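See below for the structure under consideration.
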């Protein structure tokens, strides 16, 4: 667009910004980052330079925090070259029990009280170690605000009871802390120290990374235990929602005993956060052993689940839904693996006894392999290995390329709007720099208001989806009661 400046000050500011843009475009240091794959390097370099441009004064006010978050997630995905398999779901949906079964040892806490309040990552390590990172002061302020706004009474009461406020300054904004552990037992205790709800410091832990020498998955693959999607502190639930998009594969854990409106809301929430990439989502029906007649009841339950999962809010395909729906009993699997070491003094001995009676089995030794097969843990491991792990590098690159296209499309749409706004400013403002800035501020306000309206609409639609699911569930129950 050709135009003449009526103000020397405006011309100078324009030339300064053009100079800054040119330096960003020509920055070779950015081009040499992300060296693990040439395709990833090319796309990451473009997005990184774009982020530098979007952060320039005068443009940054027009960019939403969500766009910056999406860009940062994309760049993080490009930089670490790791393939993340995330376990997500509501609190006490059996995520930690399942991850322990997959790892072959009870590393993650499975106590009655919710334990996973921070992202906990399990990966291959040359030694067994635990690495802990902490919230910054700013992040804690946001979390604390979220806890108060959502009226997280239990969280606030426990925080006060443990006198956690006295410890806050000891942990916030501190450097990462790493501990090498000599044994599995020492490793478990170290994990509990930072994640247990009874430990004061767990409030301030943002992320826990666990390195395992005998990790059964390849180097570069990471299993991630996440905070519950229904955590009383919305800030922590949002960490999981943001992470779903970052994850390369998602195991969404839902209790097998019922598929209510709330469970469907959890499942729909996961799909909506995967950017409509349903292939990477596996719905895991957990705690199969809690059904009255596990085998028979699941056959009936499965068809009901597929009615919903084949819909547009989930897989939008019956065959894909059928393939990616996996029922498991992680606790029964763990009990069976420990069976030879259990005695009548152990609670677990009686737990396994009560479970096998549901199968009309008196002597577990007669049906041991049959019970082990029923848990489906080995099947799930094999499925993850065959469909995800064996091709994880190709899947990782494909995921990055797809995510790049989404980022590019969003950025292009935003830049078109910004360009129109800037042209309007130049066209209508014939005075000095103050008039230009005034016009720009007016446009900024209009843009932010539009973004807020969009955000409120998305929240409303999500709430409507949950309410609709709940109403449908209530209606179904009412019909069944009438039939009875």
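In the working numbering, the protein residues as written are 602 to 1085. We put the CB at the ideal spot given by N, CA and C, even for glycine. Computed from a prediction, not measured in an experiment: that's the story for all the values here.
Item: If distances are taken between C-alpha atoms only, which option among 942, 936, 829 comes closest to residue 973?; Value: 936
Item: For the region 814 to 822 against the region 674 to 685, are there 3 or more C-beta pairs whose distance is under 8 angstroms?; Value: yes
Item: Decide yes or no for the touch test of the region 848 to 866 against the region 750 to 760: beta carbon pairs closer than 8 angstroms, at least 3 of them.; Value: no
Item: Under a Cβ-count criterion, where at least 16 other Cβ atoms within 10 Å of its own Cβ denotes burial, should residue 892 be classed as buried or exposed?; Value: buried
Item: Please classify residue 656 as buried or exposed, where buried requires at least 16 neighbouring CB atoms within 10 angstroms.; Value: exposed
Item: What does the alpha-carbon distance come out to for the pair residue 947 and residue 956?; Value: 15 angstroms
Item: Go to residue 855, then tell me how far its beta strand (DSSP E) extends in each direction, as first and last residue.; Value: 850 to 856
Item: Measure the CB-CB distance between residue 730 and residue 789 and report whether it falls below 9 angstroms.; Value: no
Item: Quick one: what does DSSP say residue 944 is sitting in, helix, strand or coil?; Value: coil
Item: Please state whether DSSP places residue 727 in a helix, a strand or coil.; Value: coil
Item: Looking only at DSSP bridge pairs, what is residue 895 linked to?; Value: For residue 895, which the question treats as bridged, DSSP gives no partner whatsoever.
Item: Under the three-state reduction of DSSP, which class applies to residue 1058: helix, strand or coil?; Value: Summary for residue 1058: the model assigns pLDDT 49, below 50, so the residue's position carries little reliability; its value from the coordinates is reported in the next sentence. Of the three classes helix, strand and coil, the one that applies to residue 1058 here is helix, per DSSP.
Item: Let me see if you follow: with CB-CB separation under 9 angstroms, is residue 946 close to chain B or not?; Value: No chain B is present in this structure, which holds just one protein chain.
Item: Quick one: residues in its chain with C-beta nearer than 8 angstroms to the C-beta of residue 958, no 5 flanking neighbours on either side, listed in chain order?; Value: none
Item: Which residue wins for smallest C-alpha separation from residue 850, given the options 1005, 691, 996?; Value: 996
Item: For the putative contact between residue 678 and residue 847, defined by C-beta atoms under 8 angstroms, what is the C-beta separation to the nearest angstrom?; Value: 6 angstroms
Item: Cα separation between residue 719 and residue 614?; Value: 45 angstroms
Item: Just verifying my parser: in three-state terms, what is the DSSP assignment at residue 965?; Value: helix
Item: Just the C-alpha distance for residue 830 and residue 762, rounded to the nearest angstrom, thanks.; Value: 25 angstroms
Item: DSSP three-state call for residue 657: helix, strand or coil?; Value: coil
Item: Using the rule of at least 16 other Cβ atoms within 10 Å of the residue's Cβ for burial, across every protein chain shown, is residue 567 buried or exposed?; Value: The shown model of the chain, from 602 to 1085, leaves out residue 567, and the question about it has no answer.
Item: Taking just the CA atoms, how far does residue 965 sit from residue 644?; Value: 56 angstroms
Item: May I ask you to report which of helix, strand or coil DSSP gives residue 613?; Value: helix
Item: Could you tell me whether the Cβ atoms of residue 833 and residue 754 are closer together than 9 angstroms?; Value: yes
Item: CB-CB under 7 angstroms to residue 871, same chain, minus the five flanking residues each way: which ones, in chain order?; Value: 689, 845, 851, 853, 882
Item: By DSSP's criteria, residue 722 is part of a beta bridge. Which residues make up the other side?; Value: 810, 825
Item: Below 8 angstroms on the Cβ atoms is my guess for residue 925 versus residue 884; work out the distance and round it to an integer in Å.; Value: 6 angstroms
Item: Give me, in chain order, the residues of the same chain whose beta-carbon lies closer than 8 angstroms to that of residue 895; leave out the 5 immediate sequence neighbours on both sides.; Value: 889, 930, 959, 960, 975
Item: Taking C-alpha atoms, which residue in 817, 810, 727, 809 lies nearest to residue 783?; Value: 727
Item: What does DSSP give as the partner residue(s) for residue 734 in the beta ladder?; Value: 808
Item: For residue 812, does the count of other Cβ atoms within 10 angstroms reach 16, so buried, or fall short, so exposed?; Value: buried
Item: How would you label residue 867, buried or exposed, when you count the other beta carbons within 10 angstroms and need 16 or more for buried?; Value: buried
Item: Suppose you measure from the CA of residue 1018 to the CA of residue 732; what does that come to, to the nearest Å?; Value: 43 angstroms
Item: Between the alpha carbons of residue 909 and residue 855, how many angstroms are there, rounded?; Value: 14 angstroms
Item: Is DSSP giving residue 708 helix, strand or coil here?; Value: coil
Item: Using C-beta distances below 8 angstroms, list every residue in its chain close to residue 1090, excluding the 5 sequence neighbours before and after it, in chain order.; Value: One cannot answer for residue 1090 here, as it falls past the ends of the chain, which runs 602 to 1085.
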